[in-house]
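A short write-up of the structure that comes next.
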Amino acid sequence: MKKIILLFTIISSMAFGKAEEVVGKWITEKAENGNQIIVEIYETADKKYNGKIIELTMPVYTEGEFAGKEKMDLENPDENLKHRTLRGIDFVSGFSYSEKEDKFEDGKIYNPTNGKTYNSYMKLQKDGKLLVKGSIDKKGLIGKKQIWTRYE
36 MKKIILLFTI ISSMAFGKAE EVVGKWITEK AENGNQIIVE IYETADKKYN GKIIELTMPV
96 YTEGEFAGKE KMDLENPDEN LKHRTLRGID FVSGFSYSEK EDKFEDGKIY NPTNGKTYNS
156 YMKLQKDGKL LVKGSIDKKG LIGKKQIWTR YE
């Protein structure tokens, strides 16, 4: 009986350790305009994982009516949120770690470029990078993948 309890404890701590590995700062792939987003993933009180935008590599508008101002959430469908800055918003949210699938699933990812929110999952890769997929369907069949890199 002691061996079973010990084995269960070891397996549980391994799964918990894997889930904790996603916590920290990550940088996205470059967008078409060259911008990258630095995201800080954190664990919430209810054991979910969210990610907040903490920086952009191109943080201000360079032309147009907002030239020189910090980038805002202009495409957000909620009129009250259109003029909030992108820095500080939860970019990814609601992820749960599935030990069985060895990935973070049932999350959402927000695309500030078009103001849409997509179903998403994240999976830590063997090389330490983070595969992130956003999709219009729950199963993740129709969507786009990115590889995020740990950011120091």
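Just so it is clear: in the sequence shown, position 6 is 41 by our numbering, and no numbers are missing. The beta-carbon is built from N, C-alpha and C at its ideal position, and this holds for glycine as well.
The segment 88-98 contacting the segment 153-172, beta-carbon criterion three pairs below 8 Å: Output reads no: the segment 153-172 does not touch the segment 88-98.
Does L176 pass the burial test, meaning 16 or more other C-beta atoms within 10 Å, or should it be called exposed? By the neighbour-count definition (other C-beta atoms within 10 Å, threshold 16), L176 is an exposed residue.
Report all residues from its chain with a CB closer than 7 Å to the CB of G83; omit the five preceding and five following residues, and keep chain order. Contrary to the premise, residue 83 reads as Lys rather than Gly in this sequence. Non-local C-beta neighbours of K83 in its own chain, meaning closer than 7 Å and more than five positions away in sequence, comprise G129, F130 and S131, ordered along the chain.
Between V127 and K151, which are expected to be in contact by the criterion C-beta below 8 Å, what is the C-beta distance as a whole number of angstroms? Rounded to the nearest angstrom, the Cβ distance from V127 to K151 is 14 Å, too far for a contact under 8 Å.
C-alpha gap between F51 and Y186, whole angstroms: Only weak support is given to the placement of F51: the predicted model assigns it a pLDDT of 42, under 50, and the question is left unresolved by the model.
At what residues does the beta strand (DSSP E) containing K143 begin and finish? From DSSP, the beta strand (DSSP E) with K143 extends over K138 to N146.
Using the Cα positions of E64 and E90, report the straight-line distance between them to the nearest angstrom. Within the model, the alpha-carbon separation for E64 versus E90 is close to 14 Å.
Segment limits, beta strand (DSSP E) that includes D125: Segment D125 to S133, the beta strand (DSSP E) holding D125.
Roughly how many angstroms lie between the CA atoms of L159 and L165, to the nearest whole one? Near 5 Å, if we compare the C-alpha coordinates of L165 and L159.
Only counting the same chain, and skipping five residues up and downstream in sequence, which positions put a Cβ closer than 8 Å to that of N68? For N68, where only same-chain residues beyond five positions count, the Cβ hits under 8 Å are M93.
For K138, count neighbouring Cβ atoms within 10 angstroms of its own Cβ and tell me buried if that reaches 16, exposed if not. K138 comes out buried.
Cutoff 7 Å; reference E56; Cβ partners in own chain excluding five residues on either side: Contacts found: L159.
Min CB distance E100 to chain D below 9 Å: No chain D appears in the structure shown, which is made up of a single protein chain.
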